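This report concerns only the one structure given below.
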Amino acid sequence: MIFIILLSLFYCAQANDDSLIAVHLLFRHGNRCPEKSNLYKSSPYYNDSYFKPFGFGQLTNEGKLKVYNLGKEIRQRYSGFLDDEYSIDLISARSSDFNRTKASLQTMLSGLFPPTKDLTWLPGFNWQPIPYEYVERNSDQELFCFGCQNWDPTLDDFLATKDLRKYDKLLATLTNKTGEPYDTLLKAYYLYFGFQILTELNYTLPDWAHDVYPYPLKNLTLDYYGMITGSTTLRQMCGGYLLKHILDDTQSKIDGKLPAKKMFIWSGHENNVACLLRNMNLLKEDMVPNYGSFVALELHNINSTYGFKIYFKNDDNEPELLTVPNCNSFCPLKKFEELVEENIPENISLCRGTKTSSASKMSSQFNYILLLFFIYIFL
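With mature numbering (1 follows the signal peptide of the UniProt record, and there is no 0) as the guide, the letters of the sequence shown map in order to residues -15 to -1, 1 to 364.
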């Protein structure tokens, strides 16, 4: 009897492998050191000597191991689907413009694609270089919504409609204890991760921190996910562009434009994972994405119908098969597109360009002054 059950499970797994067409994988980077923005200036840890040799915001050795093992896990999970030998057309890989996500992607890929015999270039060195892409931070609509010119005013307009007085006591406590103004939810959100990282690194928090961490700072962080995706426009900016990219790649795969491509990999942050889940109405209210967590949108062709099976992993358990509300665990592509349609940005000028760096602004101003000078001289 047990043999029959196991055999049937095996054949089900084989059928699923046979129906799999492509995988879109978004994962959060590995463990890291805090950014300065995660700390306050009077903190004893506001000094990079505590985080050497890595540096502020950088991937730690634990983080490297986390995402390396993630790569091995993805290799094992898709061993019947993904070729053992890396080739340039097999995958696409893109990172956000942060050192920790770039390093995470490189390390994850080393676990996913150890060199085969033909690709071993240094005997005993079990690594091969795999190219990836990234977009400059303030131009990255898929993985850095905060660079969108319309982001700040759109979020401010949304927050102006909400009663935020429940956070007044927490923000006042942070202001009093740190000696600097905590007048935005974003700054408190950053501090939550700062305390989390210091705890992971076994550094001692000040006594007063235990009154705010993990709660109520975690509650604020969870609420913040809801706020940055609180309107249709915000969802389009935060996660919507990524989901649009995924759907466009999916259609290209179905249309035969990407015949060899089997996996589309994105290396991002916890807010990317949260916003993508939120755009599909799959984000749990009490969940902050952990290091190495991932969302996998598997494109299947079952009975001549294309659709997604969506998996999420946030801990050491097996990936969880999620069901999009008003759909099934295998959600036909047409139905899925209807359900997320309002969150997909159709207006390419939604962001009205991207935020310009100070250097670019200075260059533009200089060119303008130079133009006026020549007009004055020659006219």
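All residues carry an ideal CB built from backbone N, CA and C; glycine is no exception. Note that the coordinates shown come from a computational prediction; the quantities given were computed from them, not determined experimentally.
Beta-ladder partner(s) of residue i, from DSSP
i, result
"K298", "F279"
"I250", "L10, A78"
"T290", "I287"
"P317", "G292"
"residue 382", "Nothing about residue 382 can be read from this structure; the chain reaches only from -15 to 364."
"L44", "R17"
"Y119", "S80"
"L5", "H285"
Residue closest to residue i, alpha-carbon to alpha-carbon, out of the options
i, options, result
"V280", "F297, T184, L335", "F297"
"R13", "T86, R263, I6", "T86"
"G179", "F98, L202, D192", "L202"
"Y119", "A7, L107, L243, N84", "N84"
"P116", "L94, Y198, P199, L107", "L94"
"N299", "Y276, Y53, T290", "Y276"
"P114", "T101, D271, N123", "T101"
"D196", "E322, R122, T158, K229", "T158"
"L149", "L190, M212, D192, P191", "M212"
"D301", "L55, L97, A145", "L55"
"M256", "Y71, H285, S72, Y174", "The sequence given here places Asn at residue 256; Met does not occur at that position. The shortest Cα separation from N256 among Y71, H285, S72, Y174 belongs to Y174."
"L97", "E58, A88, G65", "E58"
"Q43", "A88, S77, V273, E70", "A88"
"N288", "D233, H9, C316", "C316"
"L170", "G164, N161, L144, P191", "L144"
"F131", "Q221, K319, M272, Y198", "Q221"
"N264", "S22, L156, L228", "L228"
"N266", "L324, S278, L11", "L324"
"G292", "P310, M272, L318, L282", "L318"
"L10", "S278, E303, T290, N332", "S278"
"P310", "L262, P274, C336", "L262"
"S334", "W136, S72, P19", "W136"
Residue i, buried or exposed, once every other Cβ within 10 Å from all chains shown has been counted against 16
i, result
"L29", "Reading off the sequence shown, one finds Pro at residue 29, where the question assumed Leu. Exposed, because fewer than 16 other Cβ atoms sit within 10 Å of the Cβ of P29."
"D3", "exposed"
"L5", "buried"
"L67", "buried"
"K51", "buried"
"R17", "buried"
"S343", "For S343, the predicted structure reports a pLDDT of 41, less than 50, and the residue's modelled location is therefore unreliable. The matter cannot be settled from this model."
"K37", "exposed"
"R79", "buried"
"Q61", "exposed"
"L219", "buried"
"F110", "exposed"
"L307", "buried"
"Y25", "buried"
"L107", "exposed"
"T217", "exposed"
"E47", "exposed"
"L104", "exposed"
"Y226", "buried"
"S34", "exposed"
"N161", "exposed"
"T189", "exposed"
Between the CA atoms of residue j and residue i - distance to the nearest angstrom
i, j, result
"T184", "P166", "23 Å"
"K247", "A259", "24 Å"
"K172", "I239", "43 Å"
"L176", "L243", "43 Å"
"T92", "T139", "36 Å"
"I250", "W193", "41 Å"
"C312", "E322", "11 Å"
"T314", "G40", "As written in the sequence, residue 314 is Ser, which differs from the Thr given in the question. Their Cα atoms are separated by approximately 42 Å."
"P330", "D142", "19 Å"
"D125", "D208", "24 Å"
"S27", "I182", "17 Å"
"Y210", "E270", "9 Å"
"G253", "H230", "15 Å"
"H285", "K294", "7 Å"
"T146", "C133", "21 Å"
"R122", "D82", "5 Å"
"E70", "Y63", "13 Å"
"L156", "N23", "15 Å"
"E127", "K154", "35 Å"
"D233", "L205", "34 Å"
"D74", "E283", "18 Å"
"E305", "V8", "15 Å"
"K49", "K151", "38 Å"
"S72", "W112", "14 Å"
The ligand NAP heavy atom lying under 6 Å from the CB of residue i
i, result
"I73", "Of ligands this structure carries none, so the ligand NAP is not represented either."
With a floor of 4 residues, list each alpha helix (DSSP H) that falls wholly inside the stretch 146 to 173, ordered by position along the chain.
As far as the stretch 146 to 173 is concerned, its whole alpha helix (DSSP H) runs of at least 4 residues are 153 to 163.
Counting only runs of 4+ residues fully inside the stretch 170 to 216, write out the alpha helix (DSSP H) ranges in chain order.
As far as the stretch 170 to 216 is concerned, its whole alpha helix (DSSP H) runs of at least 4 residues are 170 to 185, 202 to 213.
Can you list the alpha helix (DSSP H) stretches of 4 or more residues lying completely in the stretch 44 to 72, in chain order?
Fully enclosed alpha helix (DSSP H) runs of 4 or longer: 46 to 62.
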